[in-house]
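>
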Amino acid sequence: MTARLTDSQIAQYHEDGLVIPDWGLPDDVLGRLRDNYDQLLAANREAEGASEDFMVGVHIADPGPMGVQGMPDLLEVIRQPDILDMVEHVAGPDLILWGTTVFGKPAGTGKTTPWHQDGDYYPIEPLETTTVWVSLDHARPENGCMRYIAGSHRDHRLFPHHWNEDPGFTLFQEIDDEFAPREKARDIVLEPGQISIHDVYLVHGSDANRSNDRRAGLVFRIMPGTSHYNHAAAASSANP
3 MTARLTDSQI AQYHEDGLVI PDWGLPDDVL GRLRDNYDQL LAANREAEGA
53 SEDFMVGVHI ADPGPMGVQG MPDLLEVIRQ PDILDMVEHV AGPDLILWGT
103 TVFGKPAGTG KTTPWHQDGD YYPIEPLETT TVWVSLDHAR PENGCMRYIA
153 GSHRDHRLFP HHWNEDPGFT LFQEIDDEFA PREKARDIVL EPGQISIHDV
203 YLVHGSDANR SNDRRAGLVF RIMPGTSHYN HAAAASSANP
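Per this note's numbering, the very first residue in the sequence shown carries number 3; after that it's consecutive.
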């Protein structure tokens with residue numbers, strides 16, 4: 003596996019809004035990631051607002067958003083030079099990690115993530131973020147792999163979303179149906195340790211997990227140095 007994006011993969015990212023590199027975490031790093039993930043779950047079974055399905059701020063040691071007691075060791079993943087080099091190919095050299103998320107999708111009960119754009123949640127100004135999605139497990143349609151609408155990011159605009167407090171959802175902001183044509187959706191099939199990289203305006207979501215296999219993913223949010231995190235906007239938002 004190569005640790006760089008080819009010219010065609012870079013072009014695919016800009017055309018589709020997402021790319022799956024021909025690369026995966028080294029086995030030892032993946033093993034430690036899974037161990038740290040198990041410790042994260044064990045430490046946060048009573049965290050208010052958090053669940054195995056969805057946690058934010060998982061790299062912060064002290065209780066942060068949702069009261070999650072995070073694991074700084076998870077940052078070993080995003081410190082991999084190979085990952086940073088690939089993000090630099092599509093986002094430039096001046097990179098700032100501003101957030102982390104876990105989408106756990108436990109076997110049999112994993113929730114739906116409604117169709118949305120990440121930017122609808124983010125207090126980043128100007129709005130620019132590249133997301134690195136790291137698979138801890140096999141991600142397949144059967145266990146609720148991520149799905150996306152290729153090219154939905156190209157206009158660099160946020161489409162209308164509405165509030166939906168469906169208890170079977172991980173998130174409560176759902177994009178209006180006309181902007182998420184399901185018939186055009188593509189599945190993001192990943193092996194354990196493999197990653198995908200996507201744009202902040204990309205329309206995406208995932209189905210519930212009714213299989214016998216977990217589908218956990220660790221997400222890193224990276225903005226360029228030309229953007230900043232608006233703490234006042236984040237504090238006044240209903241979203242984590």
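Think of the CB as a built atom: it goes at the ideal place given N, C-alpha and C, for glycine as much as any other residue.
The structure displayed is predicted, hence computed values, not measured ones.
For Leu-35 and Leu-138, what's the separation of their Cα atoms in angstroms?
When rounded, the distance between both Cα atoms is 8 angstroms.
> Rank Asp-40, Asp-215, Gly-106 and His-61 by C-alpha distance to the C-alpha of Asp-75 and give the top, closest one.
Among Asp-40, Asp-215, Gly-106 and His-61, the Cα nearest to that of Asp-75 is on His-61.
> Quick one, which of Val-79, Leu-86, Ser-53 and Gln-82 has its alpha-carbon nearest Gln-243's?
No statement about residue 243 is possible, as the shown extent of the chain runs from 3 to 242 and does not include it.
> DSSP state of His-200, grouped into three classes?
Three-state result, His-200: strand.
> Are Gly-101 and Val-58 closer than 8 angstroms when you measure CB to CB?
Yes, these two residues count as a Cβ contact at 8 angstroms.
> Would you kindly check if the distance between the Cβ of Asp-189 and the Cβ of Pro-143 is under 8 angstroms?
Contact flag set, yes.
> Drop a sphere of 10 angstroms on the beta-carbon of Met-3, count the other beta-carbons inside from all chains shown, and report buried for 16 or more, exposed for fewer.
Its pLDDT being 49, under 50, Met-3 is placed unreliably by the model, and nothing is read from it.
> Is DSSP giving Gly-19 helix, strand or coil here?
Residue state, collapsed to three classes: coil.
> Among Glu-78, Leu-32, Gly-66 and Leu-99, which has the Cα closest to the Cα of Tyr-231?
Taking only the C-alpha atoms, the option nearest Tyr-231 is Leu-99.
> Measuring only the C-alpha atoms, how far is Asp-84 from Tyr-150?
Taking the straight line joining both Cα atoms gives about 24 angstroms.
> Going by DSSP, what residue range makes up the alpha helix (DSSP H) through Ile-80?
Counting along the chain, the alpha helix (DSSP H) containing Ile-80 begins and ends at 77-80.
> Going by DSSP, what residue range makes up the alpha helix (DSSP H) through Ile-85?
Run containing Ile-85: 83-93, per the alpha helix (DSSP H) assignment.
> Provide the residue span of the alpha helix (DSSP H) that contains Gln-41, from first to last.
Counting along the chain, the alpha helix (DSSP H) containing Gln-41 begins and ends at 29-45.
> Kindly list the residues whose CB is nearer than 6 angstroms to the CB of Gln-11, restricted to its own chain and excluding five residues on each side of it in sequence; keep chain order.
Cβ neighbours of Gln-11 beyond the five flanking positions: Val-21.
> Below 8 angstroms on the Cβ atoms is my contact criterion, and I expect Gly-146 with Lys-107 to pass it. Report the Cβ-Cβ distance as a whole number of Å.
With 8 angstroms as the limit, Gly-146 and Lys-107 qualify as a contact, their Cβ atoms being about 5 angstroms apart.
> Which residues in the same chain have their Cβ closer than 7 angstroms to the Cβ of Met-225, if we skip the five residues on either side of it in sequence?
Only Ile-98, Trp-100, Ile-126, Glu-130 and Thr-131 meet the Cβ criterion.
> Does the region 35-45 come into contact with the region 201-216, if we say contact requires no fewer than three beta-carbon pairs (one atom in each stretch) closer than 8 angstroms?
Counting Cβ pairs under 8 angstroms, fewer than three are found: no touch.
> Evaluate contact between the region 89-98 and the region 107-125, counting only Cβ atoms and requiring at least three cross-stretch pairs below 8 angstroms.
No, the region 89-98 is not in contact with the region 107-125.
> Leaving out the 5 sequence neighbours to the left and right, which residues in its chain are closer than 7 angstroms to His-164 when beta-carbon positions are compared?
Here the set comprises Glu-176 and Asp-178.
> Note down, in chain order, each residue of its chain lying with its Cβ closer than 7 angstroms to the Cβ of Phe-174, except the 5 sequence neighbours on either side.
The answer, listed in chain order, is Trp-165, Asn-166 and Glu-167.
> Can you tell me whether Gly-207 is buried or exposed, with buried defined as 16 or more other CB within 10 angstroms of its CB?
The residue is buried, with at least 16 neighbouring Cβ atoms inside 10 Å.
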